[in-house]
Structures are given as C-alpha cells and as structure tokens.
Amino acid sequence: MKRRSFLKGTLATGAAAVAVNAGLLTPSTVLAEWNKAAFSAKSTDDALNGVFGSSATAASGDIKLKAPAIAENGAVTPVTVDATAMSGVESIAILASKNPIPLVCTYAFAGSAIGYASTRIKMGETMNVIAVVKAGGKLFKAEQEVKVTIGGCGG
Amino acid sequence: MAIKIRMRGKSKGGVAEVKALIKHPMESGVRMNKKTGKPFPAKFIDTVTVTVNGAAAVDSQWSGAVSANPYMAIKVNANSGDEVKLSLTDNTGAAGEASLKLK
Amino acid sequence: MKKTLLIALTLGVSVAATSSMATTVDPETDRQQMVDFFKAKSPKIDFNEYKDGGYIYSADAKAQWEAAEEFPPYLDSIDAGEAAWNKDQAVFEKCFGSDVSKIRPKYPYFDEASQEVVTLEGSINKCRTDAGLKPYKWKKGTLAQVSAYLAYNSRGEKVNVKIESEGAKKAFNEGRDIYVNPTGQFSLSCAECHTYNAGRYARADLLSPNLGHTTHFPVFRAKWQNLGTLHRRYGGCHKNMRAKPFKAQSKEYRNLEFFQAYMSNGLEINGPGYRK
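Protein chains in written order, with the working numbering: chain Y, 1071 to 1225; chain G, 55 to 157; chain D, 436 to 711.
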C-alpha cells in the first residue's frame, strides 16, 4: 500500500498534488504519513505512544466529551471532543477502549484551527470512548462509557 | 471516481464550524463476507486535511473504525467569506475535495 | 363484544383477547381514543411531537437522532430521487401534477372506483407501467428515493387521510384488524408493542408509538445504511416477530398503511427520517 509521501513529492492522489503545485501547502506544513504503527496498536497505551510518543495522560475536566450513554447503533456512535476551554491545543485523539484497534482517529491543529472535533465512530460493544488532548506539550484525557446493545427486537 | 463530499460552514463571532458529510463505505478490512469466508477488503478514508484561505488548519488521520458515510466537524477562527477547503484520500488511492466560502 | 381500544386499555385487558377477529369501529372515534390514550400515558408530551417517533421517550436517543438529522445521510437519496423524477418528468407530471410539494400529502387514499387503498409508492409504479416504463422495486432503491424526494418537499404539510365511504371505512377496519390481532410465533400484535407498551424497551429497542408512525417514511435506517419504504419495514418487523410477512404493496399492507396513516391525521409530514 503506497503511502503518500509529501516531502518526496510523490503523491498517489490528486488532491494534495494540486495543493502542492499551487503552492498552497508549503514544506513547513508537512502532512504526516498515515500513522500505521498507532493504527495497528492493540492497546490504548501503545496507540497513544504511537501518536504522541507517550501514554502518560492526566484527567482533565476542561475537555468536554460528548457521547451517548446508550448508543442507538454502535456502528454510528456520535462523539464530540470540545477542548476549546484549554489553551495551546495541538491535537486530539479519539480511542475506543475495547475495539480490536483502539485508535479511531486523530486531529492535528495548526493556524486558525480550534481544539474541537466531532465525528461518528464504530463501537463493537459496551466500552469507553477516550479523548486525549495534547495541549501545551502535555497530554490530557477524558473518557466515558458508552453502552452498546445488540439483540433488540426491532431487527 | 472522486469521493463525494458535502460541506457546510458558517462563521459566527469569528468562529466557524465546518461540517462535512462524506459518501464512503469505510470498510475496515475486518468485516467478514459470509459468502466467501474472507474479509471485505479494507477501503477507508485515511487522511483528511482542511485549509483556510490556503493555510493549513486541520490534518486528520482516520482508521476504518470511523463510521460508514462519515460525518466530521471541526472549528476554525475564520470569518464570512473565508475559503475553507477539505481534501481527503483513502487507503486505495481514491481522493476527494470540496471547498466553500464561509457564510 | 366490541371493545374500544381505550376501554380495553383502561381495564388493562388486551383488545385482541376478547374482541372478534373482525371488528367494525368508527375511524374518527377510534383515532380520538388513541390520541387520548397516548395523552393519558404521557401527559407531558405534546401531540405534535409524535411525528418524531420513539425519540420522544428518551433524551439520550433523541440527542443522537438530532445529531444525525443535523446533516443527515439521506441527502444523497433525496438528490437521487430528484434526479429519477426529473428523468421521467413528463410521465410523472401527467400523473401527479407539477407541484412536488403537494403529492405526498394526498396518499394513501381510498379509491372508490377500484375499492382499493392507493399508496404513494403504488401510484408511482402504476404511473410508470401505464406509460410503458419499467416499475421500480418495492422496498428500496429508486422507489424509496423518489418517495423520499416527495416526502422531503412536503415537510410541514399535515397528514390528512379521508374516510368518506363505507368502502374506506372497511379498509380502515381491515388494516386495524391486522394492527390489533396477535400473529406469529410470539402471538404478538402490533398494538402490544406500539400502543400498550410504546415508550418501554423490548430488549434493547425503545418501542415507538403508532401515533405518528407513518409521518417520517421512507426511513434511512443506520442498520441498512440505506433508505427503505414503509412496507419494507412492515415486512421486516413481521419477520422479526416470527410472523409471516405480507408482500410489499399487498392489500394487507396497504390497508394497514391506510389505518396507520389515518391514525396519524393532523401530524406533520417529516420524511424521510433517520432511524437507528
């Protein structure tokens, strides 16, 4: 699977190529390679190490994690991480504690972006959704249990 | 074929929430095809980038655990009229992009 | 002995247990009693909220639903429906007129000439076959998309099914019988879950009230990651309840739809809807 290599200028797809050629993305805004190590990690600690180089997180009440108490459909669980109350937010990672691969997605912020991300994720069973925020060089965490049920009568 | 993206963005008080709805199966590569006994091949969006007036804003990486036909929202400090561009690729090399001027 | 729904429920007795298999009730009386029943069951829920289905019973579920409806996945289906409509526009306009906001609210209706209930989906395909075009499949695909397009354009219009003849009244009662009579391996009736136990959980599913059942169809179910028509859902539910499903657009399901739509009179049309 050929990974997009920004620096080498060999781009497998059109979008980034157009952006580079148009001078819209400069080398200082290098797009990182897809983090295969983190996205293959089977434990949340390994995933965090893969993303941030550390898994030492401190719980923070400043992270507003919004996820349902009971997921209507585990395959489409809405999750919102709002770290706008924190300063110096660099990135957010969303993990699903019991998924075979816990790391679901990461968001790295630059320029005008604010520490906020909202998405819908797949959760295979009742587990915790974990939001890890890197702010001011430190890692902070918020987590919440989401109940996932199967075997309703509605089919 | 380009990946289809719907985008919305409105600025209020200097902050804009940009929302996107993307048409994509987001096949993780783990789901089994009961007929063949083999998993459906992985086909999922793996990178999403957002720029504002050409400057990098969000660089996002996904796994196949993001839901099918994914929804994504991010926030930027931007005003009405600013141009937001979203580009994405999937693990098979398909790509898509969309842009808008914030309301 | 003829037992009205409300009396039976007040006594805590299942209607099906003591009523004969085929009953004849006055539709408007029956509908008003059902509305009163739901009002008594949930005094804080306003009548107009019933168009939102089971979500009125759970804030957590409703929040998830609203998150999805904010930027809903069925937008593509509506566009596809519009494209399909425009593709055969001349044919469709001859049958339905050119105002797409006025079509959905007309259905279902009882056609005196044929003494049959006519549904929107049925009319769409009849229009096609009459003009020599291939009919769409009944439960999903293009038919659902066209139905979604028409429903979307009629949002805000009220459900207004008319019963003005003995024939229509008979169709209503036949649909009602399907709704209240127990069937299948579990000997359950639609009423058991969707009237008597609406708002409660059947294992992991929150039971939706039948008041408002038809307003938000066709539905985009997260489970299907696709649209489906009302008759698709009827069949699916019957199958899940281990009862033999009727065929989509069969007389039985058309009568059931007629009964259910009439019972939702006065509520806003808000299709297509997103569901779990």
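Ideal Cβ positions, reconstructed from N, Cα and C, are used throughout, including at glycine.
First and last residue of the uninterrupted alpha helix (DSSP H) at residue i
i, result
"Gly701(D)", "Element bounds for Gly701(D): n/a, residue is neither H nor E."
"Lys605(D)", "601-615"
"Phe473(D)", "462-476"
C-beta neighbour in chain Y for residue i, strict 8 Å
i, result
"Arg638(D)", "yes"
"Lys574(D)", "no"
"Glu692(D)", "no"
"Lys711(D)", "yes"
"Met126(G)", "yes"
"Lys64(G)", "no"
"Ile704(D)", "no"
"Asn675(D)", "yes"
Own chain partners of residue i with C-beta closer than 7 Å, once the 5 adjacent residues on each side are dropped
i, result
"Thr1114(Y)", "Leu1165, Ser1167, Pro1172, Ile1200"
"Asn1119(Y)", "Ser1125"
"Asn608(D)", "Thr458, Thr459, Val460"
"Ala566(D)", "Val526"
Limits of the unbroken beta strand (DSSP E) element including residue i
i, result
"Gln115(G)", "109-116"
"Lys1103(Y)", "Rather than Lys, the amino acid found at residue 1103(Y) in this sequence is Glu. Element bounds for Glu1103(Y): n/a, residue is neither H nor E."
Chain-order list of residues whose beta-carbon lies under 8 Å from that of residue i (same chain, five-residue window excluded)
i, result
"Ala1126(Y)", "Leu1209"
"Pro543(D)", "Val552, Val553, Thr554, Leu555, Val596, Arg689, Glu692, Phe693, Ala696"
Backbone secondary structure at residue i - three-state DSSP
i, result
"Gln524(D)", "helix"
"Thr1176(Y)", "strand"
"Cys1223(Y)", "coil"
"Thr1147(Y)", "strand"
"Asp144(G)", "strand"
"Glu1142(Y)", "coil"
"Thr1196(Y)", "coil"
"Leu74(G)", "The sequence given here has Ala at residue 74(G), not Leu. In this structure, Ala74(G) counts as strand in the three-state DSSP scheme."
"Gly634(D)", "coil"
"Phe693(D)", "helix"
"Asn661(D)", "strand"
"Gly576(D)", "coil"
"Val1121(Y)", "helix"
"Ile513(D)", "helix"
"Glu592(D)", "coil"
"Pro570(D)", "coil"
Test: residue i CB closer than 8 Å to a CB of chain D
i, result
"Lys88(G)", "no"
"Val1028(Y)", "In this structure chain Y extends from 1071 to 1225, so residue 1028(Y) is not present and cannot be described."
"Arg85(G)", "no"
"Leu156(G)", "no"
"Ala122(G)", "yes"
is_contact[residue i, chain G] using C-beta, thresh 8 Å
i, result
"Pro478(D)", "no"
"Phe1109(Y)", "yes"
Whole-Å CB distance - residue i paired with residue j, under 8 Å assumed
i, j, result
"Gly619(D)", "Phe652(D)", "Between Phe652(D) and Gly619(D) the Cβ distance is about 22 Å, and since that is not below 8 Å, they are no contact."
"Gly150(G)", "Leu142(G)", "5 Å"
"Leu646(D)", "Arg635(D)", "15 Å between Cβ atoms; not a contact."
"Asn87(G)", "Pro93(G)", "7 Å"
"Val460(D)", "Arg611(D)", "7 Å"
"Val84(G)", "Ala111(G)", "With a Cβ gap of about 31 Å, Val84(G) and Ala111(G) do not count as contacting."
Own chain, CB closer than 6 Å to residue i, minus 5 neighbours either side, in chain order
i, result
"Gly135(G)", "Lys155"
"Phe426(D)", "Here chain D covers residues 436 to 711 and nothing more, so residue 426(D) does not appear."
"Ala1205(Y)", "Met1156, Gly1158, Val1159"
"Gly1230(Y)", "Outside the shown range of chain Y, which is 1071 to 1225, sits residue 1230(Y), and nothing can be said about it."
"Glu1215(Y)", "Asn1198"
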